Each structure stands twice: as structure tokens, then as C-alpha cells.
Amino acid sequence: MANQEAHHHYHHYLVLAIILVLPLLLLVKLRPRKHGGENPPPGPWQLPVIGSLHHLVGALPHRAMRDLAHRLDAPLMLLRLGELRVVVASSAGAAREVMKTHDAAFATRPRTATIRALTRDGLGVAFAPHGAHWREIRKLCVTELLGARRVRSLRGSREAEAASLVASVVASLAASASEPVNVSTLLATYVTDAVVRAVVGDRIGDLRDEFLDRLDEGVKVAAGFSLADLFPSSRLARAFSGAARRAEAHSREMSRLMDGIIAEHRERKRTAGAGDDDRDLLDVLLRIQADGGLRAPLDIGTIRAVITDLFGAGSETSATTLQWAMAELMRSPAALRRAQAEVRGALPGESRVREEVLPELRYLHLVIKETLRLHPAVPLLLPRECTEPQSMLGHDVPKGAMVLVNAWAIGRDTASWGVDAEEFRPERFEEAGGGRLSGGGLRARAVRRRPEDVPRDNVRARRHGARVGEPPLPLRLGAPRRRGWTGHGGGARDHSEEEKRSVAACHRSCATLVYSCTGSFCVRARSCYQSAALLFDALQIPLLRALFHFSYVYIRWLKIEFGPVDFPDS
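The structure is reproduced here in C-alpha cells:
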């Protein structure tokens, strides 16, 4: 009897639960979608709590996202990474919608918990929200810090670091003439030193190693998402995530180091008097702060942030792009022979590439374009935030969503580039149509723009690339003019990707792309004298004039441009 009564009560509770739950489910089903819109982009199946994160496990994020987009046939795809809604553009058409058609709605960078901790003292250009402050700081960078005149004024620091690099390579060869020299490591080291000399001068002395270590640590902290970034509303995630604490500690240490360097600069200015010229970019910032000519506040926190942006932009991006280009040339003997013949023909009997001959090096520009198509320095462009609901490609992008443009996938899209999209073939740009090189090499273009070209991360700042100096890679790639360069280690497998496994890939994501596996890309010589001659010829060309051209690296990394091409105007 008791069992029957209990069973009877159980049925009552079940009916009551159904009566209560069904209206709630109906209400949830029928209420307007506040964030997702009527037709959100398609996405893969999700798990509770983590959402789509499991689809990115075990692969590089840009590769995993490309594969998901192909499987779903979704050039515009919606992922949920923890609490974050992330829209991924994986085709040229989708990127054009984000970066040109609706660029005003996507002009702001999302500020995660880690980024907020890193930028607690001030905002530079990279992560400042779109507005008056960002426009003033960007204008300062373009006109005062990275203009052609300023880049030319830093030629002395470039030449000094290049001479030091050549001396280091020759010394390595002299120590062991039979062993290959890993030019990659030396190049990265001295590019970083050139950035230090140009930004803060060569007077930091004993602080150099600590300063560079802190910069490297900051890049690693900012490279990916922490638990606090993925679950911003969770106190538990913030408690277990150490990224924000590391970011705050890093910010304090960088402030301490930067304050010491700034104090030294001010003391030198005070001692030298009014006649002391600007020796580096920090001098320029301090002068502008003293003059008060900027409409946006240029306090010490903002100066620190701008300097950090400059280092983040200029430390390794250009060097690794050069490494990829050289590696691809080593794997493509026909392309290497054509590049060598072009440089020898443009400079008969000369050992160095002059800037005035850049317009004649058409094939070298094709090599650069093809390298950046296959190996963009930032595979996933810096994240953007949708500030108002948008309709694109028949789908609704919700307000507040993070938007990623998969430049790596766009550059390898067979629908745009053909069945050989994975192959290194610079001639594909030549076949696209002719064009002229403009600006005497300052803004060199070898071919017409194509709709499927890898997009630029311009963010409301188009047409400024021509104003900020020369692109360095044509000068640097003038190196393979003799037949002395060889790849050590052999085939394509030796140049596989070792990119940092992060969703928001930063500029260091390709830092070890070329030389990280079974062999290094090296110069092997039969004698020390022959090695020194080959290296001196090869390294002086790219480095004495173009080691530190912020105008190319910086505008790709920040909000001015990403790659070598733009979308067509029509």
C-alpha cells in the first residue's frame, strides 16, 4: 500500500515538473534572440561549458579552423570558445565584408582579461579602442615615428647592427669552417638589437638582456587565451588562471625598466641642452610630450605602451618572413635561379643592391607576395570585436562577438588560387596581370590587386602604407645573387611549422617556422674565406640598408595594414 502511494506521489511530481518546465522551454524557444540574430553563421557541434574548444585540440588553430570551415562549407563560421562567441572569416569574400564593407563595425580590438592587465598603464596603438585617442596615437606613429624621413635617419643604427651581424657570422665560420652556420638565429638576434638601438638607443647597457627577456615574456603572455579570457564571468576561472597575474607582474616589471630608460633619456637631454637632436624614437616621444602638440594625452603610460607596440611589431616578424622566403627559394631551384638572374642583370658587376633599382626587381616582389600568401606572419589576424549587429553573407553576426580573419586559409584557398594553391609559385601573380612599380620602391607593386589576395589588417586606416618608408624584403632578398646558398637538411619536411598554439596568434607565431625540425637553413662553405665572401655579399645587401624598416613590419602588425596587397576599389 505504501509503495502504491509513493508511486502515486511520484506521478504527481512528474506531472508538476512537466507543467513547470514546458512553459519555460516554450518561452526560451519563442523569445527573440538577443545576441545571435535570426540566422547566425553555421558552426560545429558544441559541448557543454567548453563549447567548440575540443575541435581545436591537437592542431594549430588556423589549420583546425580552415578544416572546420571546409567541412561545414562555411566561409563565415561561428564558434563558441568557453563563453566567447568567435566568428571566423575563412574566404576572401568574408574577409572583405569584415575589413572593408563593414569595417567601421569591426574597428575595435577586444580587450580580454590578459590584455587589460598588460595595458593597465596606458594604451598604444595595437589595443586601443577605435576613437579619438587611437587616431591621434596612430597619426603620431605614422608622421613622427615611422615616416620615410625618420626611417632614413635611423640608417646608422641599421648599418651598425648589420656590420655586427656580418662580423659574428664570419667569426662563426672562422671557428669551424666545416660546420654550417645557422643564419636564422643570428638574424633574429641582431634584428632585435637593431630594434633596441632604434627605439631606445644603445645606452641601456646592462639592462639589455633583462629588457629583451621581459619583452619576450610579454609576447608569450599575450599570445593566447587563458581561462579568465575564455570565461570572463567566472570567479573560479580567474582564481585558477595565472595568466592575468603573470600579465600584471610583467606590466610592473616593464614599467620599472621603462621608467629607468626614460629617466636616463631625460637626464641626457637636460645635460646636453636644447641643441641635442632626437637620437631614437623614445627621444621623439619625449619631445612631443614636452611640446604638448598632441591632442590626445601623451602621458608616461601611453609612451610605455607605444614603445612596447614598436618592439612587438619590429622584433621578429620581418626576419621570419625573410626566412620563409629563403627556405621556399631553396626548395624551388627554378625560382631561385630566376631571382639570381634578375638581381645580377639589374646590378651587373656590383655586390650590393641599391634602393633605386627596386622597381626593376619585379620577380623578387613576386617572391615576397607568394611568401606572404603561403606564410602570413600572423595566420589569424589580430582579433576584432563586433560593436553592433551586422548582416554578412546571409548571416547575422551578433554584437560583442570576436571576429578572426584566417589569412592563412585565405592564402591557400583552392577556389581562389587553383589546385596548386599549396605550391610556391611566384609566377601566379605575374599571370594575374601587369602593373607598375610606384614610388621608386617606397610602395612597390609588381602586379594588379586581386580580390582573392591575402587581406590587409587595415582597420579604418587604408592608404597610409605609401607614407611610411620602404618595404625591406626586396632589399633583403637581393641576397641570393650567387650560387653559394644551400639548404642544410634537405626536403620540405625540414621546414615544417612550429607555430605557437594559440587562438589569437600573435606576430611570434611564425618565429620558428623555418629552421626548427631536423635541420637548419644554413650556409655550408668549403673554406672559411669562401664562406666569408658569400655571407658578406649576401648579408650586406639585405641588412645594411633594410634591417630595421619599421614602416613595413609595424604597419602589418598594427592597425594600418597586414600584407602586401589590398582589396580592389571596384
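Residue numbers (the working numbering): 52 to 621.
All C-beta atoms in this analysis are idealised placements derived from N, C-alpha and C, irrespective of residue type, glycine included.
No experiment lies behind these values; they were computed from the predicted model shown.
| Item | Value |
| --- | --- |
| For E436, which beta-bridge partners are listed by DSSP? | T159, M453 |
| Leaving out five residues before and five after S223 in sequence, what residues of the same chain have Cβ atoms less than 8 Å from its Cβ? | V232, L237 |
| So is P434 in contact with chain D if we call contact Cβ pairs under 8 Å? | Structure shown: chain D not included; a single protein chain is present. |
| Considering only C-alpha positions, which residue in the set P384, V448, R346, L433 is nearest to F475? | P384 |
| Taking buried to mean at least 16 other C-beta atoms within 10 Å of its own C-beta, is T322 buried or exposed? | exposed |
| Take H446 and list the residues in its own chain whose beta-carbon comes closer than 7 Å to its own, dropping the five residues that flank it on each side. | N90, P91, P92, L127 |
| Buried or exposed: which applies to A298, given that a residue is buried once 16 or more other Cβ atoms fall within 10 Å of its Cβ? | buried |
| Return the chain-ordered list of same chain residues with a C-beta closer than 6 Å to the C-beta of D130, the five sequence neighbours on each side being excluded. | Sequence inspection shows Leu at residue 130; the Asp mentioned does not correspond to that position. Result list for L130: G94, S103, V137, in chain order. |
| Classify L196 as helix, strand or coil using the three-state DSSP reduction. | helix |
| Near M116, which residues of its chain fall below 6 Å by C-beta distance, leaving aside the five closest residues on each side in sequence? | V139, N457 |
| Which whole-angstrom value describes the C-beta separation of L205 and Y241, a residue pair presumed to lie in contact below a C-beta threshold of 8 Å? | L205 to Y241, Cβ: 15 Å. No contact. |
| Please tell me whether V300 and T165 are closer than 8 Å, where the distance is taken between their beta carbons. | Per the sequence presented here, residue 300 reads as Ala, with Val not at that position. No, they are not a contact pair. |
| Thinking C-beta only, is V251 closer than 8 Å to L349? | no |
| In this structure, how does DSSP classify A239 when only helix, strand and coil are distinguished? | helix |
| Would E473 be called buried (16 or more neighbouring beta carbons within 10 Å of its own) or exposed? | exposed |
| Judging by CA-CA distance, which residue of H106, L119, A156, P112 is the nearest neighbour of P449? | A156 |
| Checking the sheet assignment: what are the DSSP bridge partners for M116? | Answer by DSSP bridge pairing: none, since M116 is not bridged. |
| Do you know whose CA, among V418, R382, R395, lies nearest T372's CA? | V418 |
| In whole angstroms, what separates the C-alpha of R330 from that of D360? | 19 Å |
| Give the single residue among A249, V234, E230 whose Cα lies nearest to the Cα of R203. | A249 |
| To the nearest angstrom, how far is the alpha carbon of A143 from that of L431? | 13 Å |
| Within 10 angstroms of its Cβ, does R463 collect 16 or more other Cβ (buried), or is it exposed? | buried |
| Taking DSSP as the reference, what is the three-state secondary structure of R147? | helix |
| For A125, name the three-state secondary structure that DSSP assigns. | coil |
| Between which two residues does the beta strand (DSSP E) containing H446 stretch? | 446-448 |
| Using the Cα positions of V470 and T438, report the straight-line distance between them to the nearest angstrom. | 37 Å |
| Since I believe P99 is in contact with P434 (beta carbons under 8 Å), could you give me their beta-carbon distance rounded to a whole number of angstroms? | About 24 Å; that fails the 8 Å criterion. |
| P112 to Y414, Cα distance in whole Å? | 32 Å |
| Enumerate in chain order the residues of its own chain whose CB-to-CB distance from H426 is below 6 Å, with the five nearest sequence positions on each side excluded. | W375 |
| Please classify A218: is it buried, with 16 or more other beta-carbons within 10 angstroms of its beta-carbon, or exposed? | exposed |
| Taking 8 Å as the cut-off, decide whether the C-beta atoms of E436 and M453 are in contact. | yes |
| Exposed or buried, P399, counting other C-beta atoms within 10 Å across all chains shown (16 or more means buried)? | exposed |
| Could you check how far apart the C-beta atoms of S284 and E379 are, in whole angstroms? I think they sit under 8 Å. | So it is not a contact: roughly 45 Å between Cβ atoms. |
| Should M309 and R338 be called a contact, given that it needs their Cβ atoms to be closer than 8 Å? | no |
| For a quick check, are the C-beta atoms of D280 and T170 less than 8 Å apart? | no |
| Taking a contact to mean a Cβ-Cβ separation below 8 Å, would you say T353 touches G175 in this structure? | yes |
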